[in-house]
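Reading through the structure tokens given below for one structure.
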Amino acid sequence: METLFSKGKRPLPYRLQPETLDEFIGQSHILGKGKPLRNLIEKDAVKSSVFWGEPGTGKTTLARLIAKLSRAEFIEINAVTSNIKEIKEALKRGKANFELGKKTILFIDEIHRFNKIQQDALLPDIEAGNVILVGASTENPYFSLVPALRSRVKLYKFNPLSVKEIKKLLRWALTDRRGLRDKKLKISEENLELIARLSGGDGRKALNFLEEIASLVPVGAEITREIIEEVAYGETTGYGKGDYHYDIISAFIKSVRGSDVDAALYYLARMLKGGEDPMFIARRLVILASEDIGNANPEALLISNAAMNIVSKIGMPEAALTLAQATIYLAMSPKSNAVYRSIGKALEAVESGDILPVPLHLKDSHYEGAKKLNHGKGYLYPHNFPRHYVKQKYLSEDRKFYTDDGIGFEKQLKIWLKEMMEDENNG
1 METLFSKGKR PLPYRLQPET LDEFIGQSHI LGKGKPLRNL IEKDAVKSSV FWGEPGTGKT
61 TLARLIAKLS RAEFIEINAV TSNIKEIKEA LKRGKANFEL GKKTILFIDE IHRFNKIQQD
121 ALLPDIEAGN VILVGASTEN PYFSLVPALR SRVKLYKFNP LSVKEIKKLL RWALTDRRGL
181 RDKKLKISEE NLELIARLSG GDGRKALNFL EEIASLVPVG AEITREIIEE VAYGETTGYG
241 KGDYHYDIIS AFIKSVRGSD VDAALYYLAR MLKGGEDPMF IARRLVILAS EDIGNANPEA
301 LLISNAAMNI VSKIGMPEAA LTLAQATIYL AMSPKSNAVY RSIGKALEAV ESGDILPVPL
361 HLKDSHYEGA KKLNHGKGYL YPHNFPRHYV KQKYLSEDRK FYTDDGIGFE KQLKIWLKEM
421 MEDENNG
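Counting in the UniProt record's numbering, the sequence shown runs from 1 upward without gaps.
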């Protein structure tokens with residue numbers, strides 16, 4: 001068996017950097033045939049840009065490929081570790097290259113970490129064309145970049161890779177001379193898909209995962225489900241073995257739903273120690289907050305959403321505290337599945353073909369000619385009435401989808417709605 005770095009090999013994601021656009025996997029919405037960014041790359045006309053999206057979606061890889069195809073000098077800076085001096089040196093080099101007729105791509109990883117002063121320092125050289133800035137960010141640039149910089153760059157959203165795309169990436173890694181071809185490994189479609197799904201849309205994670213598996217098996221071996229799960233979850237917790245992985249997730253959700261705080265914490269610990277993605281757990285808590293608690297305690301949705309946001313920013317091991325706090329809060333909250341039941345009934349009605357026409361008085365009346373069609377005619381604006389309520393027809397035929405059991409805050413909402421309707425009727 002080989003070690004991960006035997007024979008001086010670089011990591012698999014580095015070795016498999018694409019040499020052409022056709023080798024690049026993912027982001028077909030911007031890199032497919034005829035798409036804007038692909039056209040710019042092929043015409044060697046790429047302008048300063050920011051690539052933003054989840055880790056492992058190809059942002060750095062594409063920046064390097066653009067530099068390679070355009071024969072530009074590639075200068076890479078990490079926003080976390082760099083300072084103003086390094087930025088100025090890179091910009092100075094870019095200007096010198098420009099005066100010699102050579103392009104410079106200044107790649108700034110995690111550009112959202114730059115403060116306003118650092119971002120502003122880039123503006124003159126971008127404006128003058130001394131460098132082509134390519135920034136990479138996991139944060140939405142509409143919130144993380146200053147307007148002056150944002151207005152000078154083109155923004156491209158990078159999406160998580162699909163299971164199909166990651167499977168394609170894994171097959172390439174197994175058969176390409178730069179990858180694992182010499183290992184002559186075999187793998188079933190089912191197990192290839194398992195690796196792809198465990199990678200969560202992250203191509204780099206998928207390749208690192210595959211390389212670790214390859215280092216543990218001999219040449220010509222079959223990659224089995226057992227070795228995949230051993231690498232993914234480890235053996236110490238018994239987590240991830242076959243259906244057991246899903247059993248623990250199921251037990252966690254049912255324990256929170258059943259208000260057993262201790263059981264919920266135990267299964268949370270099993271998942272975390274087993275290597276489960278903390279964001280997967282956080283997303284499940286957000287879903288549970290609406291599905292099993294709903295308006296019995298509306299704060300549950302805010303707490304779980306805040307937890308998901310925090311987990312995405314701090315990661316493990318600190319994220320365990322946030323997940324535990326949210327788990328305890330949700331487990332101890334009053335429970336109601338009224339939201340789940342009610343939207344289920346409404347969806348079922350629509351899916352069965354119960355398509356009702358929108359009443360004329362509710363139709364959009366803000367375009368020219370709407371009044372001639374009587375759109376909006378007779379609409380009663382609730383804020384013009386006492387308690388901001390007036391009775392009027394909102395469905396062309398009566399339907400009943402929402403029911404609740406008056407649990408927790410649901411009871412207060414029910415009382416408020418009843419009182420409001422009674423006041424209007426008595427008025």
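C-beta: ideal position from N, C-alpha, C; glycine also.
Residues near E410 by beta carbon distance below 7 Å, same chain, minus five either side: Translated into positions along the sequence shown, residue 410 becomes position 410. Taken in chain order, the residues that qualify are N295, A296, S336, A338 and D404.
Near the ligand GTP: A136 beta-carbon under 6 Å from a heavy atom: As far as ligands go, the structure on display features none, and thus does not contain the ligand GTP.
L301 versus L198: straight-line alpha-carbon distance, rounded: The residue you call residue 301 lines up with position 301 of the sequence shown. The residue you call residue 198 lines up with position 198 of the sequence shown. Rounded to the nearest angstrom, the two C-alpha atoms are 27 Å apart.
Burial state of P278, where buried means 16 or more other Cβ atoms lie within 10 Å: The residue you call residue 278 lines up with position 278 of the sequence shown. Buried, since its Cβ has 16 or more Cβ neighbours within 10 Å.
Local conformation of A63 per DSSP, three classes: Translated into the one-based positions of the sequence shown, residue 63 becomes position 63. Helix, per DSSP.
Contact between the region 108 to 115 and the region 77 to 86 (3+ Cβ pairs under 8 Å): yes
Cβ neighbour criterion (16 or more within 10 Å) applied to M271: Here residue 271 corresponds to residue number 271 of the sequence shown, with the count starting at 1. Answer is buried; the Cβ neighbour count reaches 16.
Check whether I75 and A96 have beta carbons under 7 Å apart: Looking up residue 75 in the sequence shown gives position 75. Looking up residue 96 in the sequence shown gives position 96. Contact: no.
Identity of the residues DSSP links to V134 by a beta bridge: Here residue 134 refers to the residue found at position 134 when the sequence shown is read from its first residue. According to DSSP, which records beta bridges pairwise, V134 is partnered with S49 and F107.
Completely contained alpha helix (DSSP H) runs for the region 318 to 392, where each covers 4 or more residues: 319 to 332 and 338 to 351
Identified DSSP bridge partners for I25: Stepping through the sequence shown from its first residue, residue 25 is reached at position 25. Bridge partners of I25: none, in fact.
Closest residue to H361 among F143, T61, L380 and A251 (Cα-Cα distance): Translated into the one-based positions of the sequence shown, residue 361 becomes position 361. Of the listed residues, the one whose Cα sits closest to H361 is L380.
Where I77 sits in the DSSP three-state scheme: As a working note, residue 77 is residue 77 in the sequence shown. Looking at I77 - three-state DSSP - the assignment turns out to be strand.
Buried versus exposed, by CB contacts within 10 Å (16 or more), L4: Here residue 4 corresponds to residue number 4 of the sequence shown, with the count starting at 1. The predicted position of L4 is uncertain, since its pLDDT is 43 and thus under 50; no value can be drawn from it.
Where L373 falls, given that 16 or more other Cβ within 10 Å makes a residue buried: In the sequence shown, residue 373 corresponds to position 373, counting from 1. Looking at its Cβ environment, which holds fewer than 16 other Cβ atoms inside 10 Å, L373 is exposed.
Same chain, Cβ closer than 8 Å to M316, five either side skipped, listed in chain order: Along the sequence shown, one-based indexing puts residue 316 at 316. L272 and P278, listed in sequence order.
Check whether L31 and L207 have beta carbons under 7 Å apart: By one-based count along the sequence shown, residue 31 stands at place 31. By one-based count along the sequence shown, residue 207 stands at place 207. No, the pair does not count as a contact, with Cβ atoms beyond the cut-off.
Residues sharing a beta bridge with E211, DSSP: Position 211 of the sequence shown, counted from the start, is the residue given in the question as residue 211. For E211, which the question treats as bridged, DSSP gives no partner whatsoever.
Closest Cα partner of K128 within the set E139, T138, I117 and E99: As a working note, residue 128 is residue 128 in the sequence shown. According to the sequence as given, residue 128 is Ala; it is not Lys. With distances taken between Cα atoms, A128 lies closest to E99.
Contacts around D364, its chain only, beta-carbon distance under 8 Å, and the 5 residues preceding and following it disregarded: The residue given as residue 364 occupies position 364 in the sequence shown. Closer than 8 Å at the Cβ level, and outside the excluded window around D364, lie A370, H375 and G376.
Three-way DSSP call (helix, strand, coil) for K414 in this model: The residue given as residue 414 occupies position 414 in the sequence shown. Reduced to three states, the DSSP call for K414 is helix.
Simplified DSSP assignment, three categories, for I187: Indexing the sequence shown from 1 puts residue 187 at position 187. Looking at I187 - three-state DSSP - the assignment turns out to be strand.
Per-residue DSSP class, three states only, for Y394: As a position in the sequence shown, residue 394 is number 394, starting the count at 1. Coil, per DSSP.
contact_flag[the region 119 to 138, the region 35 to 42] where n(CB pairs < 8 Å) is 3 or more: no
6 Å CB neighbourhood of F51 in its chain, flanking five on each side removed: Reading the sequence shown from its first residue, position 51 is the one you call residue 51. Cβ within range, chain order: K59, A136, Y156 and F158.
The beta strand (DSSP E) enclosing L155, as first and last residue numbers: Position 155 of the sequence shown, counting from 1, holds the residue named residue 155. Start and end: K154 to F158.
Contact the region 165 to 173 vs the region 17 to 34: 3+ CB pairs below 8 Å: yes
Cβ neighbour criterion (16 or more within 10 Å) applied to D202: Indexing the sequence shown from 1 puts residue 202 at position 202. Buried, since its Cβ has 16 or more Cβ neighbours within 10 Å.
With 16 other Cβ atoms within 10 Å as the buried cut-off, status of G94: As a working mapping, residue 94 is identified with position 94 in the sequence shown. The residue is buried, with at least 16 neighbouring Cβ atoms inside 10 Å.
Short CB-CB distance (under 7 Å) between K345 and chain D: In the displayed structure, chain D is absent; only one protein chain is listed.
Exposure label - E274; buried when at least 16 CB within 10 Å: For this step, residue 274 is matched to residue 274 along the sequence shown. Checking the displayed sequence, the identity of residue 274 turns out to be Gly instead of Glu. G274 comes out buried.
Beta-carbon gap between A264 and S255 smaller than 7 Å: Working through the sequence shown from its first residue, we reach residue 264 at position 264. Working through the sequence shown from its first residue, we reach residue 255 at position 255. A contact, by the Cβ cut-off of 7 Å.
CA nearest to the CA of E276, picked from L123, P298 and A320: By 1-based counting over the sequence shown, the position of residue 276 is 276. For the residues L123, P298 and A320, the minimum Cα distance to E276 belongs to A320.
Distance CB(K184)-CB(V231) smaller than 7 Å: Along the sequence shown, one-based indexing puts residue 184 at 184. Along the sequence shown, one-based indexing puts residue 231 at 231. Not closer than 7 Å, so no.
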